[in-house]
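Student: First the structure, then my questions, so here it is.
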Amino acid sequence: MKSGLKDKDPAIINELYDKRMKAAIGKQPYDAFNDYQSINDDFTGLRDTTEVSAKVAQLKDSSDVKKEKKTRERLQDETKEYMGNLSKVLSDIHSSENVFPSIGDLEQRLRIHDLTSKVKKDPTSEEGLAAARMLASAFVNLSFYLPNEFLTHKDYKRAILTLTLASEIKENAPGVWYNMACAYARSGNKKKAIEALNRSVDSGWKDANQMATDPDLESIRKEPDFQAALARVK
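Residue numbering for the sequence shown follows our numbering, starting at 7 and increasing by one per position.
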């Protein structure tokens, strides 16, 4: 910031300073401390920073700032550990040729119920936000990348497994249930395919044309229950 401000008019510098100071007001102590510290660094030597320097000194040793700093560092470490564990779980789903992993074991290793509980308890807290980020990383792999790969290779059992895990994270995601219907239909389980398709429609699936023409659903297209589900979308 300093290099970009050196040649600025003092009035512009003061305006930018005041704008950033106002933005810091009302933030949580830890966020405010970081903002004030950044402002102090950026404007020292360009204008009087007595006010913001005092803010930094005031908050630096406060119990709230120390507590929040400790919490965020812990959550960063926890998130890093979770991402490593997620990679291991995804690898195990791929490589478990002889022993098929149980969904209960995978749910536990991915901490699905633990993390969803934290999000529901307080979604705007640091704990809730960190849990949501971890679940989002798991969800995008379990709902999109892995099932698409497994469906392409006709590994319907693993496609269903990953989509089932995704549905544990977001129980009303229409795309997850639709793709699960496709996997079940391809595997020959018409009953489960219809059930998943109805869950997709119940959750908000809107693309009637895709449902009517998707080759993945060919095996159930003439079923009365399929036509009933399609009629609900139309």
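For glycine and all other residues, C-beta sits at the position ideal for the given N, C-alpha and C.
What does a CB cutoff of less than 7 Å around Met7 pick up in its chain, not counting 5 residues either side in sequence?
Tutor: Residue confidence is low: Met7 scores 48 on pLDDT, short of 50, so the model does not pin down where it sits. Its coordinate-derived value is still stated next. Excluding positions up to five away in sequence, the list reads Asp48.
Student: Is the segment 104-121 close to the segment 134-152, with three or more CB pairs under 8 Å?
Tutor: Enough Cβ pairs lie closer than 8 Å, so yes.
Student: Do you know whose CA, among Gln43, Thr168, Gly51, lies nearest Ser59's CA?
Tutor: The option with the nearest alpha carbon to Ser59 is Gln43.
Student: Consult DSSP for Thr77 and reduce its assignment to one of helix, strand or coil.
Tutor: Three-state result, Thr77: helix.
Student: For Thr56, name the three-state secondary structure that DSSP assigns.
Tutor: It is helical.
Student: Report yes if the CB atom of Tyr23 is closer than 8 Å to the CB atom of Glu74, and no otherwise.
Tutor: In this structure, Glu74 does not lie closer than 8 Å to Tyr23 by Cβ.
Student: Assign Thr130 to one of three DSSP states: helix, strand, or coil.
Tutor: Thr130 falls in the coil class under three-state DSSP.
Student: Once the 5 residues before and after Ala137 are set aside, which same chain residues still bring their CB inside 7 Å of it?
Tutor: Once the five neighbours on either side are set aside, the close Cβ partners of Ala137 are Leu121, Lys124, Val125.
Student: Tell me whether the beta-carbon of Trp183 lies closer than 8 Å to the beta-carbon of Ser206.
Tutor: Contact: yes.
Student: Taking just the CA atoms, how far does Ile99 sit from Gly181?
Tutor: Between Gly181 and Ile99, the C-alpha separation is close to 21 Å.
Student: Tell me which residue opens and which closes the alpha helix (DSSP H) that Thr168 is part of.
Tutor: 162-175 is the extent of the alpha helix (DSSP H) around Thr168.
Student: Hey, would you say Ala199 sits closer than 8 Å to Tyr162, going by beta carbons?
Tutor: No, the Cβ-Cβ distance between Ala199 and Tyr162 is not below 8 Å.
Student: Does the distance from the C-beta atom of Glu229 to that of Lys176 stay below 8 Å?
Tutor: Cβ distance not < 8 Å, so Glu229 and Lys176 don't count as in contact.
Student: Quick check: the Cα distance between Thr85 and Glu133, rounded to an integer number of angstroms?
Tutor: Roughly 11 Å between the two C-alpha positions.
Student: With Arg117 as the anchor, note down where its alpha helix (DSSP H) starts and where it stops.
Tutor: Where Arg117 is concerned, there is no enclosing alpha helix (DSSP H), given that its DSSP letter is neither H nor E.
Student: Once you ignore the five residues that flank Pro221 on each side, which residues in its own chain have a CB closer than 6 Å to its CB?
Tutor: Same-chain partners within the cutoff: there are none.
Student: Who are the near neighbours of Ala237 in its chain, counting only those whose CB is closer than 8 Å to its CB and skipping five residues on each side?
Tutor: Here the set comprises nothing.
Student: Please classify Asn154: is it buried, with 16 or more other beta-carbons within 10 angstroms of its beta-carbon, or exposed?
Tutor: The residue is exposed, with fewer than 16 neighbouring Cβ atoms inside 10 Å.
Student: If you follow the alpha helix (DSSP H) that Arg227 is part of, which residue opens it and which one closes it?
Tutor: Counting along the chain, Arg227 falls outside any alpha helix (DSSP H), and DSSP gives it neither H nor E.
Student: Going by beta carbon distance, what residues of the same chain come within less than 8 Å of Asp41, once the five residues before and after it are set aside?
Tutor: Counting only Cβ-Cβ distances below 8 Å, and skipping sequence neighbours, we find Arg26, Ala29, Ala30, Lys33.
Student: If you measure between the beta carbons of Ser131 and Ala179, is that distance less than 8 Å?
Tutor: Going by C-beta atoms, Ser131 is not nearer than 8 Å to Ala179.
Student: Counting only the same chain and skipping the five closest in sequence on each side, list residues whose C-beta sits under 6 Å from that of Thr168.
Tutor: So the list reads Leu148, Leu152, Pro153, once near-sequence residues are dropped.
Student: Once the 5 residues before and after Thr55 are set aside, which same chain residues still bring their CB inside 6 Å of it?
Tutor: Once the five neighbours on either side are set aside, the close Cβ partners of Thr55 are Asn46, Phe49.
Student: Roughly how far, in whole angstroms, is the beta-carbon of Leu235 from the beta-carbon of Asn204, given that I think they are within contact range, below 8 Å?
Tutor: Per the sequence shown, residue 235 should be read as Ala rather than Leu. Yes, Ala235 and Asn204 are in contact; Cβ-Cβ is about 5 Å, under 8 Å.
Student: Whole angstroms is fine: what's the gap from Lys14's alpha carbon to Leu52's?
Tutor: In a straight line, the C-alpha of Lys14 is about 9 Å away from that of Leu52.
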